[in-house]
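Since the structure comes first, as structure tokens, the remarks are kept for the end.
2 protein chains.
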Amino acid sequence: MTINNTDIGWELYRTFLGVLEEGSLSGAARSMGIAQPTVGRHVDALETALGVTLFTRSQTGLLPTEAALALQPFALTMYSAAAALKRAAESQGSGIQGTVRVTASEVIGQEVLPPILAKLQDTHPDLTVELVLTNRVQDLLQREADIAVRMTQPRQEQLIARCVGVMPLGFHAHKRYLDKHGTPSSLADLAQHALIGFDEETPFVRAARKAFPIWNRENFAVRTDNDMAQIALIRAGCGIGVCQMHIAARDLNLVNILPGSIPLSLETWLTMHEDLRNNPSCKVTFDALLKGLQDYVTP
Amino acid sequence: MTINNTDIGWELYRTFLGVLEEGSLSGAARSMGIAQPTVGRHVDALETALGVTLFTRSQTGLLPTEAALALQPFALTMYSAAAALKRAAESQGSGIQGTVRVTASEVIGQEVLPPILAKLQDTHPDLTVELVLTNRVQDLLQREADIAVRMTQPRQEQLIARCVGVMPLGFHAHKRYLDKHGTPSSLADLAQHALIGFDEETPFVRAARKAFPIWNRENFAVRTDNDMAQIALIRAGCGIGVCQMHIAARDLNLVNILPGSIPLSLETWLTMHEDLRNNPSCKVTFDALLKGLQDYVTP
DNA sequence: TAGTCGCCATACATTTTCGTATGACCATCA
DNA sequence: TGATGGTCATACGAAAATGTATGGCGACTA
Chain A
1 MTINNTDIGW
11 ELYRTFLGVL
21 EEGSLSGAAR
31 SMGIAQPTVG
41 RHVDALETAL
51 GVTLFTRSQT
61 GLLPTEAALA
71 LQPFALTMYS
81 AAAALKRAAE
91 SQGSGIQGTV
101 RVTASEVIGQ
111 EVLPPILAKL
121 QDTHPDLTVE
131 LVLTNRVQDL
141 LQREADIAVR
151 MTQPRQEQLI
161 ARCVGVMPLG
171 FHAHKRYLDK
181 HGTPSSLADL
191 AQHALIGFDE
201 ETPFVRAARK
211 AFPIWNRENF
221 AVRTDNDMAQ
231 IALIRAGCGI
241 GVCQMHIAAR
251 DLNLVNILPG
261 SIPLSLETWL
271 TMHEDLRNNP
281 SCKVTFDALL
291 KGLQDYVTP
Chain B
1 MTINNTDIGW
11 ELYRTFLGVL
21 EEGSLSGAAR
31 SMGIAQPTVG
41 RHVDALETAL
51 GVTLFTRSQT
61 GLLPTEAALA
71 LQPFALTMYS
81 AAAALKRAAE
91 SQGSGIQGTV
101 RVTASEVIGQ
111 EVLPPILAKL
121 QDTHPDLTVE
131 LVLTNRVQDL
141 LQREADIAVR
151 MTQPRQEQLI
161 ARCVGVMPLG
171 FHAHKRYLDK
181 HGTPSSLADL
191 AQHALIGFDE
201 ETPFVRAARK
211 AFPIWNRENF
221 AVRTDNDMAQ
231 IALIRAGCGI
241 GVCQMHIAAR
251 DLNLVNILPG
261 SIPLSLETWL
271 TMHEDLRNNP
281 SCKVTFDALL
291 KGLQDYVTP
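Chains as they are written, first to last, in full-length UniProt numbering: chain A, 1 to 299; chain B, 1 to 299.
Pasting the structure below:
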């Protein structure tokens, strides 16, 4: 491998990304702390070097061409890697310090992780945790995050993966709702109730629907793809919905419906890139998450 | 996301990588086409910016610190992404042109792909294919390659994956060997023969050994982890080894031993990053590989 | 319709970065 | 032990990149 193979300054890619994000040369210049003509020159240089027109200029701003949009993901990968490198460098000194970027789903991140992270913060005050909550699986290989809590087993060899256990799910409803509408005694009864469900059909939803045909889009009284909103709806007594047993168990007003028939359970995996194996901060965070999640799953 | 969050010039990462690769400032300067003091300045600047010592200087060269080695993978990711961006830009014009980087195992790359690529080259003379042959799974997410031919199903949602079929494997030996040592009529007979096998125990070997206990490390007369060498050994009449049926079938002097008992078969997958879906060159290459491999698997 | 505010492009001065030349040091070998 | 070829560090002039100031243009508003 020869490093020089691409003799395009990497600096150009960064300003390219800035312009793409801000939509104008001046905007990018402001956000990056450089002068507007410099940004313009960088874009020109990149266009010349690549032989591709990246933006259609107008006096109201710059419109990215298709080519620019096609190239954006690559520049974003560079950005992620640069950010990850910087994080890794921070924690390079002695002792536990620096920033670790953790990604998880919204439910896990809002309901489960806070106490775990609080304890971690307590033990290691110099450690900063960046929590990225999204249902889109962030890419550890692309360095979008250092550690991921995910519901699927990763198959990448470059990833260190540990299964923390299985999170049981169950139908739940608020006492108030059940007092008013009665408690279903069988799965068939569910059809008579206000069900809280999903809008778009994700792989998980498909699996759930297969196991419980009642769990169908048409039977839902409220549909939302936001998991936290589903929990909030259950808590508000809107109807019957699926949520994690452990989360529901905290609220004494929530009742587990049809306890025997657990619809599905979520295998939970903790994942980290193997490059970070020797990074003390990441290791500490990984171990804390592992223990905390295990305690959560099997108290 | 704020681009400026890392106000370290990306240029510095590139020279850092160059120094890491060459092991000296002067070497990196030569390979990158810049002057040695410039390289030195970049390293100094990066060390100051990161607050980390990257190299221990000596007059015989530079020795990377642990920190530098820990940060290298991130810089390599940036490098891969930059190279991929450049490839993507090349093929951005009209018509099929530019460079597509394909990765595959050595066996596939040497025995199966050449005719497919020759035909592709014929139809699209302006298309260049970079063929990276390695048994290490190159990372499509990390942009080390555009298209991968692999024996495992990828589980990443960001990847477009198509199964091209199953490549049957079988025990094979050269006629010359069989004339001399006889043809085994049962699996048990294999123990009396010179078996060509693996040295290190990979997941695949483990699976094979489970199905065929004879296929054990201790029974091997020749051990090599190089698949192509195994085929060459079979061809040279060294003994009995496992190789793809289709490859063996080309050589009339190779005999399939115990034809009924196919030890294992390899599911073959063609994979591409979804970002490249609209890249005409990658699409054409992907389709050509798909068709070519399918034809190869089921003629 | 006149005014304001945003944008990009250009010209010129400035700063920064880079390259050349050189010196000091170490390893190797005759 | 002296010569050679490699390394990195430093000093200074050259080149390149940047920043400032300005002009022109379009969109929006009163």
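Where is the CB? At the ideal position from N, CA and C, for every residue including glycine.
Keep in mind the model is a prediction, meaning the values are calculated, not measured.
Where residue i falls: helix, strand or coil (DSSP)
i: B/Ile247; result: helix
i: B/Ser186; result: coil
i: B/Leu258; result: coil
i: A/Ala70; result: helix
i: residue 306 of chain B; result: The structure shown does not extend to residue 306 of chain B, since chain B is modelled only from 1 to 299, so the question has no answer here.
i: A/Ile196; result: strand
i: B/Leu270; result: strand
i: A/Val52; result: coil
i: A/Met167; result: strand
i: B/Arg277; result: coil
i: A/Pro115; result: helix
i: B/Gly292; result: helix
i: B/Arg99; result: First, the amino acid is wrong: residue 99 of chain B is Thr here, not Arg. Here B/Thr99 sits in strand by DSSP.
i: B/Ser58; result: strand
i: A/Pro64; result: strand
i: B/Ser91; result: coil
i: A/Val107; result: helix
i: B/Phe286; result: helix
Contact set between residue i and chain B, taken where Cβ atoms lie within less than 8 angstroms
i: A/Phe74; result: Ala81, Ala82, Ala84, Leu85, Ala88, Arg143 and Asp275
Short Cβ contact (8 angstroms threshold) for residue i with residue j
i: A/Val284; j: A/Val164; result: no
i: B/Pro73; j: A/Asp122; result: no
i: A/Asp199; j: A/Thr224; result: yes
i: B/Leu17; j: B/Ala104; result: no
i: A/Leu266; j: A/Met151; result: yes
i: A/Gly61; j: A/Ser91; result: no
i: B/Ala29; j: B/Val43; result: no
i: B/Ile240; j: B/Leu187; result: no
i: B/Gln156; j: B/Leu133; result: no
i: B/Ile234; j: B/Ala191; result: no
i: A/Leu290; j: A/Leu270; result: yes
i: A/Leu120; j: A/Ser281; result: no
i: A/Leu46; j: A/Ile108; result: no
i: A/Met228; j: B/Ala81; result: no
i: A/Asp139; j: A/Arg101; result: no
i: B/Arg32; j: B/Leu159; result: Checking the sequence, you will find Met at residue 32 of chain B rather than Arg. No. Outside cutoff.
i: A/Leu258; j: A/Pro184; result: yes
i: A/Gly292; j: A/Ile116; result: yes
i: A/Glu130; j: A/Thr99; result: yes
i: residue 306 of chain A; j: B/Leu85; result: Since the first and last residues shown for chain A are 1 and 299, residue 306 of chain A lies out of range.
Exposed unless 16 or more other CB atoms sit within 10 angstroms - verdict on residue i
i: A/Ala67; result: buried
i: A/Ile214; result: exposed
i: B/Ala248; result: buried
i: A/Arg57; result: exposed
i: A/Arg206; result: exposed
i: B/Arg277; result: exposed
i: A/Gly95; result: exposed
i: A/Arg87; result: buried
i: A/Thr48; result: exposed
i: B/Gly51; result: exposed
i: B/Leu63; result: exposed
i: A/Glu176; result: According to the sequence shown, residue 176 of chain A is Arg rather than Glu. The residue in question, A/Arg176, is exposed, as its Cβ has fewer than 16 Cβ neighbours within 10 Å.
i: residue 300 of chain A; result: Summary: the structure shown does not reach residue 300 of chain A, with chain A confined to residues 1 through 299, and so no result is reported for it.
i: B/Val111; result: Here residue 111 of chain B turns out to be Glu, not Val, going by the sequence shown. Label assigned to B/Glu111: buried.
Proximal chain A residues relative to residue i, where beta-carbon distance stays under 7 angstroms
i: B/Leu71; result: Leu85, Ala88 and Ala89
i: B/Gln92; result: Val52, Ala67 and Ala70
Cross-chain neighbours of residue i in chain A, by beta carbon under 8 angstroms
i: B/Pro125; result: The contacting residues do not exist; B/Pro125 stays about 19 angstroms from chain A at best.
Contacts that residue i makes with chain B (C-beta to C-beta distance below 9 angstroms)
i: A/Gln36; result: Under the 9 angstroms cutoff, chain B gives no residues; its nearest Cβ is about 15 angstroms from A/Gln36.
i: A/Val137; result: Gln156, Glu157 and Gln158
i: A/Thr298; result: What A/Thr298 touches in chain B: nothing, since even the nearest Cβ is about 26 angstroms away.
7 angstroms Cβ cut-off: residues of chain B touching residue i
i: A/Asn278; result: Ala70
i: A/Met272; result: None at all; the shortest Cβ gap to chain B is about 13 angstroms.
i: A/Ile99; result: Note that residue 99 of chain A is Thr in the sequence shown, not Ile. Those do not exist, as A/Thr99 stays about 11 angstroms from chain B at its closest Cβ, beyond 7 angstroms.
* If contact means a Cβ-Cβ distance below 8 angstroms, which residues of the segment 41-54 of chain A contact chain B? -> Per Cβ criterion, the list reads Leu50, Gly51 and Val52.
* **Contact set between the segment 152-165 of chain B and chain A, restricted to residues whose Cβ is under 9 angstroms from the partner** => Answer in chain order: Thr152, Gln153, Pro154, Arg155, Gln156, Glu157 and Gln158.
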